[in-house]
Every structure is written in structure tokens, then in C-alpha cells.
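Using my numbering, the first residue of the sequence shown is number 65, and each one after it goes up by one. Note that the Cβ used here is the ideal one computed from N, Cα and C, for glycine as well. First the structure, in the form of C-alpha cells, and then the observations on it.
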Amino acid sequence: MSIFERGGKRLTAITEPGRAILEMARRILRDAENIRRVGEEHAGGDSGSLVIATTHTQARYALPAVVKKFVDRHPQVRLSLHQGNPAQIAEWALQGEADIAIATEALDQYPQLVMLPCYQWVHCVIAPDGHPVLDEKSLSLAVLARWPLITYDPAFAGRSRINKAFELAQVEPNVVLTAIDADVIKTYVSLGLGLGIIAPLASSPAWPTTRSATAACRRCRRSISSEATRPASVCGAAPTCGAAHTTSSSCSPRS
């Protein structure tokens, strides 16, 4: 069986059987590294390291309180947060560069990862003070589509489920600006460039960028933020990703 393709005396490429063998070798090396780390962690008692790969929204808004509790309980553990887009963090977990990946997108596309649903993910609408949409008695997707919208980049924060909600409602949204960061979205909403669709946990009025933006509705679309861990860390087969089970709902009026 040939592993490499040759051009004269030089190796020019890897054959199909060679790619399969290379992937097997990578898995063996990852498993060996996991065995080493497990041994070190048990020998060190409560000491060790934990690498969490996640998106900006999760790191900025969802995780601070959890991280604070973890650090207080396990002061000897070295904790690292690696930020990236969902595809990147899934790859980091798969390649052993991160112990846990937390995101709302992409993780269900990696059957090698064990998926654990964490919590329900919803979206809300924010609008500049005095915007006419705040006078709407019933805020629907059709109403939202009348206005320019600012929301997440397609790779982030449940954006695919926002798109799906409009598609199911047979409404074409007018998305004029996208960003990977809720703070950026809030800034441009405050400038009056459009309505924002963001995660509610990022819409707190305590932050300066939201003081001129008001929550216009509570819930646009449910999705699920999922946590993925390498199979070496969790026993058993990978369960079905919770992100695949979502329900659509129109926005409820603001209170």
C-alpha cells in the first residue's frame, strides 16, 4: 500500500490510504496526550489546566459569572479562554487545543464531539430611543422586516436560526449590517442605522452602548447554546445535538 505519491525521487502528495493513516495517527497522538494529561491532573490533585474555546458573546456575557465561581473553587487550575468563530472553536476542541467548546453554531456538524445542550438561546430586538417600532402593539417578524436590521454575522450567535425564522414566516429581512460582536451592533443601533437583533444577555442597560437603545421585544427565535467536549473526556457515544431541535416563535410585545 502506497502512502505517498512520488514524482521521480521526490514525494509529491499523500494518497487516499495515506490520508486515512494520517488521521489515525493524529487520533493516536491526541489520545496519548489525553492520557498524559489525565495522569498529571490526578497526580496534581486539584491543580491542572482547562482551556475553553468560545465565541465573543459567550465569553463576554454568558461566562463571566461561571468563570468567577470556577476560579474561586479551583484556584490551582490554570484557566484559559480562546475566542474564535464557531467553526474554529470546534476544530480546536477536535484537535485537542481546547478541552471544551461553547457556541450556538457549527458544533452539531462535528460527530466526533460529544454534544451537551447548556441552555435555551433566544434573541431580542433593540431600537434607538423614539424609534416608531417601539409604538407597535404587536411586534412580528413582518413588522421587523419593514426596517433596516443589524445583527450577527452568519457564522455567529444563532444567526442561522434568525434566518430560518424569517424564512418560515415567508418574510425577507432587510439586513444592512452584520457584526460578530453584540457591542458593535449596539453601537450602530445607537447611531440610528437600524434595529438590532442580539442575544438578550447582551442587551443590559447597564452598559454604556445600550443607554440609547431600548429592548423592543423579548423573544424572536429560540436556539440552543451547546457545549462540546472531546470524546476522550466524556464516556459514551455522542448524543444528538440539541441545537437541531428548535422551535420558531414570533416576537412578543415589549412590556
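Spatial neighbours of Ala206 in its own chain (CB-CB distance under 8 Å, excluding positions within 5 residues in sequence) are listed in chain order as Ala233, Val235. Here Ala123 has Leu145, Gln147 as same chain residues with Cβ atoms under 7 Å from its own Cβ, once five neighbours each way along the sequence are excluded. No residue range can be given for Asn149, since it is assigned to no beta strand (DSSP E) and is classified by DSSP as neither H nor E.
The beta carbons of Leu257 and Val189 sit about 14 Å from each other, so the pair does not count as a contact at 8 Å. In this structure, Leu213 is the residue among Leu114, Leu213, Asn238, Arg225 with its C-alpha nearest to the C-alpha of Ile249. Annotated as proximal: Ala157 and Ile164, with beta-carbon spacing under 8 Å. Short of 7 Å from the beta carbon of Met65, and not among the five residues preceding or following it, lie these beta carbons of its own chain, in chain order: Pro81.
Judged by DSSP secondary structure, Val248 falls within the alpha helix (DSSP H) whose first and last residues are 246 to 254. In terms of Cβ geometry, Tyr125 and Ala229 do not form a close pair [threshold 8 Å]. Inter-residue distance for Glu200 and Ala209 is about 13 Å (C-alpha atoms, whole angstroms). Runs of the beta strand (DSSP E) lying entirely within the segment 82 to 137 and spanning at least 3 residues, in chain order: 112 to 118.
With respect to Ala167, Thr119 sits close: the two C-beta atoms are nearer than 8 Å.
In the same chain as Val253, and ignoring 5 residues on each side of it, the C-beta atoms closer than 8 Å to its own belong to Ile190, Ala191, Pro192, Ile214, Leu259, Gly260, Ala277, in chain order.
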